[in-house]
Amino acid sequence: MASILICGGAGYIGSHMVALLIERGLDVVVFDNLSTGHGEAVAGATLIEGDVRDAAALDSVFRSRRFDAVMHFCALSLVGESVRVLVAYYQSNVAGTLTLLEAMQRHGVGKLVFSSTAAVYGHPQQELIAEDHPTVPINPYGRSKRMVEQVLADAAAAYGLRAVALRYFNAAGAHPEGQIGESHDPETHLIPNVLKAALGSGAGLKVFGDDYPTADGTCVRDYIHVDDLAEAHLAALDWMQRNEGFHAFNLGNGQGFSVLQIIEAARRVTGKDIPFQVEVRRPGDPATLVACADLAREALGWQPRYREMEGIIETAWRWHSAQRY
Ligand code: UFG
Numbered sequence: 001m002a003s004i005l006i007c008g009g010a011g012y013i014g015s016h017m018v019a020l021l022i023e024r025g026l027d028v029v030v031f032d033n034l035s036t037g038h039g040e041a042v043a044g045a046t047l048i049e050g051d052v053r054d055a056a057a058l059d060s061v062f063r064s065r066r067f068d069a070v071m072h073f074c075a076l077s078l079v080g081e082s083v084r085v086l087v088a089y090y091q092s093n094v095a096g097t098l099t100l101l102e103a104m105q106r107h108g109v110g111k112l113v114f115s116s117t118a119a120v121y122g123h124p125q126q127e128l129i130a131e132d133h134p135t136v137p138i139n140p141y142g143r144s145k146r147m148v149e150q151v152l153a154d155a156a157a158a159y160g161l162r163a164v165a166l167r168y169f170n171a172a173g174a175h176p177e178g179q180i181g182e183s184h185d186p187e188t189h190l191i192p193n194v195l196k197a198a199l200g201s202g203a204g205l206k207v208f209g210d211d212y213p214t215a216d217g218t219c220v221r222d223y224i225h226v227d228d229l230a231e232a233h234l235a236a237l238d239w240m241q242r243n244e245g246f247h248a249f250n251l252g253n254g255q256g257f258s259v260l261q262i263i264e265a266a267r268r269v270t271g272k273d274i275p276f277q278v279e280v281r282r283p284g285d286p287a288t289l290v291a292c293a294d295l296a297r298e299a300l301g302w303q304p305r306y307r308e309m310e311g312i313i314e315t316a317w318r319w320h321s322a323q324r325y
């Protein structure tokens, strides 16, 4: 049975990955410092508490069994926060990955799937963003992810590391059975905040800016279900058996939804009113981010299963309406 080490497996996307790997019968070890993750989200896996910046802790994990590959989800990931506490971002996202790479090399583990982001592109120069779009990130978060991608390309050339960077657009939704979902504190993401407003909890929904150059003036994003992201990681793992080097793939649905369209879709799903207030723009938000994910479809044979916004929101609603806010 293949053994996979999931760094950051107790977080939002990582925990959905863990659930899928267990479902497929793989042996999974989660390594997570639980700074933003939740131990109860990985109930079926072995959880080792530790930090990717801690080489000794990594050594002991790699000594515990023979891993076929590593999936690396650990990161600080809030754009606005990254502008203020940039050193923490570079330390966690860049230095943490360097420490992990060295440990992998010491223990002879040669395959890595890395969580990257649409934020590596910066301001889009065309409507649909493909992987060959210039990568000119506009904040420390995006730069930290871009730096790691460059290191992975160097490592592939220098010592044959096989690495895939998956550039997520907006991760959304929850496991359809409702036991795991998105839970950040504080919550900054749109769909959880919309659903909290539908539940009448939280400080009231704010829409950040209605003066963008988009059809209704609010920001447009490409929302992709978290289980579809997890499936793409499995496909990447399989692909790496046959392909050397470093490669980056976009993961998105290729369809943009504005903030107002998301609120409207959530009204239909929940049957609730969902009041909101328009506020000034949030710093660092590009007007539009929509993926061209053809490469992932062609190379990895990956297809998102959740194509409708309502279907994605429905799974998130199941999770949020079961929470005690
Ligand atoms: N928004 C609101 N109100 C909220 C929350 C968000 O209006 O309460 C708006 C934002 O301004 C943005 C859109 O909804 O226009 C989506 O915001 P999210 O915070 O949900 O997601 P982002 O697009 O900011 O973030 C995502 C990923 C990041 C990645 C970034 C790239 O979560 O990891 O895209 O810009 F870096």
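In the numbering used here, the protein residues as written are 1 to 325. Backbone N, C-alpha and C fix where the C-beta goes; we use that ideal spot for every residue, glycine too. Keep in mind the model is a prediction, meaning the values are calculated, not measured.
Taking the alpha carbon of residue i as the reference point, which residue from the options has its own alpha carbon closest?
i, options, result
"P283", "E231, A236, V207, R66", "V207"
"D273", "L128, K196, A235", "K196"
"A236", "Y223, A248, D227, N139", "A248"
"A352", "A265, G181, R65, V29", "What the structure shows of the chain is the stretch from 1 to 325, and residue 352 is not part of that stretch, so it cannot be assessed."
"R307", "E298, F257, E264, H320", "F257"
"A230", "S3, A2, M1, E23", "E23"
"Q126", "S116, E310, A287", "A287"
"A198", "S321, M71, D68, D51", "S321"
"A203", "G209, D210, V194, Y90", "V194"
"N175", "A19, C7, G200", "Inspection of the sequence shows that residue 175 is occupied by His rather than by Asn. The shortest Cα separation from H175 among A19, C7, G200 belongs to A19."
"H189", "V61, V30, A316, S3", "A316"
"V151", "G25, V290, A163, E81", "A163"
"T218", "L21, M71, Q91, L289", "L289"
"D27", "A75, E81, M17, N33", "M17"
"M209", "S115, A119, E279", "Here the sequence assigns Gly to residue 209, which means Met is not the residue at that position. Answer by Cα proximity: E279."
"D132", "A291, R297, V113, A103", "A291"
"S92", "E177, A232, G178, K145", "K145"
"I48", "A10, I313, E264", "A10"
"Y212", "V259, V61, A158, Q179", "V259"
"S15", "F169, L166, G44", "G44"
"I138", "D285, E310, W319", "D285"
"Y223", "A69, A119, I262", "I262"
Taking residue i as part of the alpha helix (DSSP H), name the residues at either end of that continuous run.
i, result
"Q241", "226-242"
"F67", "From DSSP, F67 is part of no alpha helix (DSSP H); its letter is neither H nor E."
"I312", "309-321"
At which residues does the beta strand (DSSP E) containing residue i begin and terminate?
i, result
"N170", "170-172"
"E49", "46-49"
"L21", "From DSSP, L21 is part of no beta strand (DSSP E) but of the alpha helix (DSSP H) over 12-23."
"S3", "3-7"
Kindly examine the ligand SAH and report whether one of its heavy atoms sits closer than 7 Å to the Cβ of residue i.
i, result
"D285", "For the structure depicted, the ligand SAH is absent and the ligand set comprises only the ligand UFG."
Name the DSSP beta bridge partners of residue i, please?
i, result
"A165", "F114, A248"
"K196", "Note: K196 sits in no beta bridge, so no partner."
"L205", "F276"
"F31", "C7, I48"
"V220", "S258, T288"
*What are the complete alpha helix (DSSP H) segments, minimum 4 residues, inside the region 71-151?*
Counting only runs of 4 or more, we get 79-84, 86-89, 96-106.
*Which runs of the beta strand (DSSP E) fall wholly inside the region 255-303 and span at least 3 residues, in chain order?*
Correct list: 276-279.
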